[in-house]
Amino acid sequence: MKRAKIEIPEKKIAEFCRRHNIRRLALFGSVLGDDFTPDSDVDVLVEFEPGTRIGLRFFALQEELSRMLGRKVDLNTPGFLSRYFRERVMEEAEDQYAAGQGQDTPTAHA
């Protein structure tokens with residue numbers, strides 16, 4: 456498993472996800488690789504609970520995550536991702552929060 460190149464405030468992430476009906480929050484892209492730099496943004500993948508309607512609040516969520524992580528965040532859902540690399544992102548993304556899998560807490564990292 457790749458490790459994120461930034462500090463992840465796990466309790467704040469879990470609270471954020473519960474408050475906004477996010478069932479999965481994962482990191483992908485350069486934040487997991489050697490090409491991550493001080494100027495890199497953080498690619499975040501979120502999946503919402505079924506029936507959740509976000510609309511324009513999506514951009515407020517992105518800003519809130521940016522403040523929490525101290526970096527620009529590029530927030531995505533699986534549907535926003537290009538079909539040309541969606542499958543790869545879904546396979547390589549590193550969960551930071553996953554609800555409904557016997558836990559409702561941050562994902563433990565080995």
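Our numbering numbers the first residue of the sequence shown as 456 and each following residue consecutively. Yeah, the Cβ is synthetic: ideal placement off N, Cα and C, and Gly gets one too. Computed from a prediction, not measured in an experiment: that's the story for all the values here.
For R458 and E549, the gap between their C-alpha atoms comes out near 8 Å. In the DSSP assignment, V544 falls outside any beta strand (DSSP E) and within the unbroken alpha helix (DSSP H) covering R541 to E547. Under the Cβ criterion (8 Å, minimum of three pairs), the region 533 to 541 does not count as touching the region 514 to 524.
Take the alpha-carbon of F483 and the one of E504: they are about 20 Å apart. Exposed is the label assigned to A515, since fewer than 16 other Cβ atoms lie within 10 Å of its Cβ.
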